[in-house]
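Enquirer: Per this note's numbering, the sequence shown starts with residue 1, numbered consecutively.
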Amino acid sequence: MLAVGTVYQLTLYNLEAIDSLDAKSANHMEDLDNLYGISGMIGPFTQVFVNGDSQTGEKVTDLLASAQEINRKLTGELLDASSRTASEAIGRELALIAGIWETVKSDRIKLGLSESEGQRGVLRTAVHSVEAKIRQAGRDDLIISMLNFRRHEKDYMLRGKPENVVAWEAEISKFNKLLEASPLSRPAKRGIAEEMSAYKGGFMAYLVTSREMLDKSAKLQEHHSDNLMPSLKALDSSLASLMDGYGAQSVAVHSSSKWIYWLMLILILVVCVALMQWIAQTILRPLQRIVLALDALDEGDVSVDISDVRMAGIVNKLVDSCEKLKLSVEKAFTLGQVTELLPQAVMMADTETLTIQYLNPSARKIFKRIEGFLPCKSDDLVGKNIDIFHKNPAHQRQFLADRSNLPATSQFKADDRYIRFSAFALDNACGEWDKILVQWDDITEEVELSAAFESHIGGLVQELITSSGQMQASSETLSSMAEESTAQANAVTENVNEAAHNVATVASAAEELSASIAEITRQVGDAVHMSGNAAQEAEKSNTIMQKLAQASQEIGDVIQVITDIAEQTNLLALNASIEAARAGDAGRGFAVVAGEVKELANQTAQATERISQQISGIQSESKQAAEAIAHVGDVIGKMNEINRMISAAADEQNQATREIAQSAQYASEATHNVTEAIGGVQEAAADTGRAANEVLDVSVEMRAKSENLNQRVTDFLGSLRR
């Protein structure tokens, strides 16, 4: 066995050595193919560059650099002398061609890579100068001749043929003759001739440089085709012969090693038979018990016991692993029973295919209720794709295929039932996303309960908001009326002050009656007119105060409506608390909101009570203001009557003097009383304005609390529906 193994190893070593040399030769052949392809492109690209394509210049430089790099690598790796000699000859030719290429490139740059560079640029500038002189002279025949020799110039630049130069020289001679025969002045002819001389000098310089470049390019092409390419072919032939030799050696070694393989096979068969007999006795029987135990665990039987199977090595590790698997199966069986008995509906789906793999009994009950909504029977859901619950299956698959979207919760309506589901990602023992767990809930009762709550409590809250808005508008009207009453009282005060001034004037007129009876009569007439205005203003103030009293009464009615709504809200909140208590844990959030509704209803009742008290004060003050204004009217009426008496008695001087003095005294007292009465009206109007502002503040506060209550109810319904 040892001898056979040694021979076999030596054979393998020889084969590996031959295969290694053959592989290296194959790599060398591949490098040579690359070198052959690159070298083949150098000549054509050089010719393209010489013909005027400036962009190929860098390409030729890169090709030469790549070819030299590949050849240096081959020279360093080739083992046989003939191949290495051929590679060195290729290297010398590449270096020579690279040197010639640099001179060709230099000449091409000297000529100009574009029309505006190098000798081409100088030539272009010179010909443009000639053209400018000719056009200035206005000679069309010279222009035509210039275009002809320029055409020959361009032909030479493109093709480089000698006949193009001959044609150019003939056209230049023709141009000179036309110039000499033209009727232009001597200075004009001399100027054109000078520019033509510069142009011809530039073209001749271009001609010399281009011929040198063409000669060097031809030399490069000669080295490329006559020396480089044959050297590449010689290296290719050498490498091909070398690879054929390696192939023959490999065939010889393989032929001599066949009998060794047969001997090795026979020995291995004998050893294997003996080894199998030993394995059957010492390993297979314990393994068979382990297999039977694993089959029993697969069926859920955890009563199997293989703890007595003890062997060193891998079998003992298998026994330990089987015991651990037994514990895992017991745990999985327990968890399975918990899932089956769980009142929560649960579904499990695969992450790769999104196929439903498991439904617990609670989930089957829910799907049985909405079986009319499903595209299949509820008992056939296992094995179906989870996207059957969505109107857009493609969107559902795309959403669940992205783990970043989980956990996710949503709900839908099916067969008059409201179903909510929550999807979660489950990882396997390696931390990889393996399953999708979906939790299902029938929330029909919750939805109906929230809808009923929204229908009753929401409606009442909206009525409360509307009533508080009406109360706010009435308060603003009351405040406006109080301000108007104050303005009217100020106007009456001004009129009374003016009346007092007139009474003083009448008294002065009585003392000076002898000077002007006519003046007294006029002042009395003014007093009558002013007292009439005061009577009218008092009447208007009385009317305004009556309207104020009526508005206060309307506000009291609105307050009564708000009080009724608050009592009804309180009653509904109490009923809601009772229903929430019946609902148990599911109604705890509902009970909290019902308590807040009840508290807001109590606050509303208290606020309306304060408003009612303030409105009562406003009504009392309005009544007193009305009585004061009526008293002002009476006083103004008396003052008007006195003024008429003064006017009637004005005909008798002495008697009129005494009556005027007495009337002036009465008028002074009356105006004093009117002033005091108007002051009371102003105070009453101010009190009315303050009360109206308090009513407005309370109504605004009540509206804000009503809107807060509405928002709390909306938030509660939203949380309940989630």
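For each residue, glycine too, the CB sits at the ideal point set by N, CA and C.
1) Would DSSP call residue 198 helix, strand or coil?
2) On the DSSP letters alone, give me the boundaries of the beta strand (DSSP E) that residue 306 sits inside.
3) DSSP has residue 437 in a bridge; who is on the other side?
4) Buried or exposed: which applies to residue 553, given that a residue is buried once 16 or more other Cβ atoms fall within 10 Å of its Cβ?
5) What residue from 557, 171, 469 has the CA that sits closest to residue 701's CA?
6) Hey, would you say residue 627 sits closer than 8 Å to residue 645, going by beta carbons?
7) Would you call residue 342 buried or exposed, if buried means 16 or more other Cβ atoms sit within 10 Å of its Cβ?
8) Going by CA-CA distance only, name the one from 298, 395, 216, 111 that's closest to residue 207.
9) To test your reading of the DSSP string, which unbroken alpha helix (DSSP H) runs of 4 or more residues are found completely within the segment 376-431?
10) Any idea which residues DSSP pairs residue 355 with across the strands?
11) One question on the structure: do residue 34 and residue 70 come within less than 8 Å of each other, judged by their Cβ atoms?
12) Are there 16 or more other CB atoms within 10 angstroms of the CB of residue 398, so buried, or fewer, so exposed?
13) How many Å lie between residue 412 and residue 420 at the Cα?
14) Spatial neighbours of residue 66 within its chain, please: CB distance less than 7 Å, with the 5 preceding and 5 following residues excluded, ordered by chain position.
15) Going by the DSSP bridge assignment, what does residue 442 pair with across the sheet?
16) Taking the C-alpha atoms as reference points, what is the distance between residue 195 and residue 144?
17) If you drop the 5 nearest sequence neighbours on each side, which residues of the same chain put their C-beta closer than 8 Å to that of residue 242?
18) If you measure between the beta carbons of residue 344 and residue 382, is that distance less than 8 Å?
19) If we ignore side chains and look at the alpha-carbon of each, how far apart do residue 484 and residue 522 end up?
20) Are the Cβ atoms of residue 400 and residue 327 separated by less than 8 Å?
21) For residue 139, name the three-state secondary structure that DSSP assigns.
22) Quick check: what's the CA-CA separation for residue 64 versus residue 181?
23) Residues in its own chain within less than 7 Å of residue 385 by CB, not counting five upstream and five downstream?
24) Since I believe residue 322 is in contact with residue 723 (beta carbons under 8 Å), could you give me their beta-carbon distance rounded to a whole number of angstroms?
25) With respect to the alpha helix (DSSP H) encompassing residue 96, which residues constitute its N-terminal and C-terminal limits?
26) Kindly list the residues whose CB is nearer than 6 Å to the CB of residue 428, restricted to its own chain and excluding five residues on each side of it in sequence; keep chain order.
27) Look at the alpha carbon of residue 726 and the alpha carbon of residue 218, and state the distance between them as a whole number of angstroms.
28) In terms of residues, what are the limits of the alpha helix (DSSP H) holding residue 175?
29) Distance check for residue 634 and residue 620, CA to CA, integer angstroms please.
30) For residue 361, which residues of its own chain have a beta-carbon under 7 Å away from its beta-carbon, when the five flanking residues on both sides are left out?
31) Just verifying my parser: in three-state terms, what is the DSSP assignment at residue 372?
32) Can you tell me which of the three DSSP states residue 484 falls into?
33) Assuming residue 290 contacts residue 318 under a Cβ cut-off of 8 Å, what Cβ separation, rounded to an integer in Å, is found between them?
34) Given a threshold of 16 other Cβ atoms within 10 Å of its Cβ, counted over all protein chains shown, does residue 108 qualify as buried or as exposed?
35) Do the segment 148-168 and the segment 179-193 make contact, defined as three or more Cβ pairs closer than 8 Å?
36) Suppose you measure from the CA of residue 686 to the CA of residue 648; what does that come to, to the nearest Å?
Expert: Taking the definition as stated:
1) In the sequence shown, residue 198 corresponds to position 198, counting from 1. Residue state, collapsed to three classes: helix.
2) Position 306 of the sequence shown, counted from the start, is the residue given in the question as residue 306. Note, residue 306: premise wrong, no beta strand (DSSP E); not H, not E.
3) Along the sequence shown, read from residue 1 onward, the residue named residue 437 stands at position 437. Residue 437 is bridged to 348, 424.
4) Translated into the one-based positions of the sequence shown, residue 553 becomes position 553. By the 10 Å Cβ count, residue 553 comes out exposed.
5) On the sequence shown, residue 701 is found 701 positions in, with the first residue counted as 1. When each option's Cα is compared against that of residue 701, the closest is 469.
6) The sequence position of residue 627 within the sequence shown is 627, counting from 1. The sequence position of residue 645 within the sequence shown is 645, counting from 1. No, the pair does not count as a contact, with Cβ atoms beyond the cut-off.
7) Along the sequence shown, one-based indexing puts residue 342 at 342. Per the 10 Å Cβ criterion, exposed.
8) Within the sequence shown, residue 207 is the residue found at index 207, counting from 1. With distances taken between Cα atoms, residue 207 lies closest to 111.
9) Complete alpha helix (DSSP H) runs here, min 4: 393-400.
10) Your numbering for residue 355 matches position 355 in the sequence shown. Looking at the DSSP assignment, residue 355 forms a beta bridge with 385.
11) To locate residue 34, count along the sequence shown from 1; it is residue 34. To locate residue 70, count along the sequence shown from 1; it is residue 70. With respect to the 8 Å criterion, residue 34 and residue 70 are classified as neighbours on the basis of their beta carbons.
12) Position 398 of the sequence shown, counted from the start, is the residue given in the question as residue 398. Per the 10 Å Cβ criterion, exposed.
13) On the sequence shown, residue 412 is found 412 positions in, with the first residue counted as 1. On the sequence shown, residue 420 is found 420 positions in, with the first residue counted as 1. Approximately 7 Å, taken between the alpha carbons.
14) Translated into positions along the sequence shown, residue 66 becomes position 66. Contacts found: 38.
15) Residue 442 sits at position 442 when you count from the first residue of the sequence shown. Its beta-bridge partners are 419.
16) Numbered from its first residue, the sequence shown carries residue 195 at position 195. Numbered from its first residue, the sequence shown carries residue 144 at position 144. Taking the straight line joining both Cα atoms gives about 17 Å.
17) Counting from 1 along the sequence shown, the entry for residue 242 is found at position 242. Contacts found: 25, 80, 83.
18) By 1-based counting over the sequence shown, the position of residue 344 is 344. By 1-based counting over the sequence shown, the position of residue 382 is 382. With a cutoff of 8 Å on beta-carbon distance, residue 344 and residue 382 are scored as not near each other.
19) Here residue 484 refers to the residue found at position 484 of the sequence shown. Here residue 522 refers to the residue found at position 522 of the sequence shown. Straight-line Cα distance between these residues: approximately 34 Å.
20) Residue numbering aside, residue 400 sits at position 400 when the sequence shown is read from its first letter. Residue numbering aside, residue 327 sits at position 327 when the sequence shown is read from its first letter. In this structure, residue 327 does not lie closer than 8 Å to residue 400 by Cβ.
21) Along the sequence shown, one-based indexing puts residue 139 at 139. Three-state DSSP puts residue 139 in coil, outside helix and strand.
22) By one-based count along the sequence shown, residue 64 stands at place 64. By one-based count along the sequence shown, residue 181 stands at place 181. Distance between the alpha carbons of residue 64 and residue 181 is about 56 Å.
23) Working through the sequence shown from its first residue, we reach residue 385 at position 385. If we look at residue 385 and ignore the five residues flanking it on each side, its Cβ neighbours are 354, 355.
24) Outside the displayed span of the chain (1 to 722) sits residue 723, for which this structure offers no information.
25) As a first step, residue 96 must be located in the sequence shown, where it is residue number 96. Note, residue 96: alpha helix (DSSP H), 81-111.
26) Against the sequence shown, residue 428 aligns to sequence position 428. The residues are 434.
27) For the chain, the structure presents residues 1 to 722; residue 726 sits outside this window and is missing.
28) In the sequence shown, residue 175 corresponds to position 175, counting from 1. Segment 162-181, the alpha helix (DSSP H) holding residue 175.
29) Taking the sequence shown and counting its residues from 1, one reaches residue 620 at position 620. Taking the sequence shown and counting its residues from 1, one reaches residue 634 at position 634. Between the alpha carbons of residue 620 and residue 634 lies a distance of about 22 Å.
30) Locating residue 361 in the sequence shown gives position 361, counting from the first residue. Around residue 361: 340.
31) Your numbering for residue 372 matches position 372 in the sequence shown. The answer is coil: DSSP assigns residue 372 none of H, G, I, E or B.
32) To locate residue 484, count along the sequence shown from 1; it is residue 484. Looking at residue 484 - three-state DSSP - the assignment turns out to be helix.
33) Locating residue 290 in the sequence shown gives position 290, where the first residue counts as 1. Locating residue 318 in the sequence shown gives position 318, where the first residue counts as 1. With a Cβ gap of about 5 Å, residue 290 and residue 318 count as contacting.
34) The residue you call residue 108 lines up with position 108 of the sequence shown. By the neighbour-count rule (16 or more Cβ atoms within 10 Å), residue 108 is buried.
35) Taking 8 Å as the limit for Cβ pairs, the verdict is that the segment 179-193 does not touch the segment 148-168.
36) The count along the sequence shown starts at 1 and reaches residue 686 at position 686. The count along the sequence shown starts at 1 and reaches residue 648 at position 648. Spanning the two alpha carbons is a distance of roughly 42 Å.
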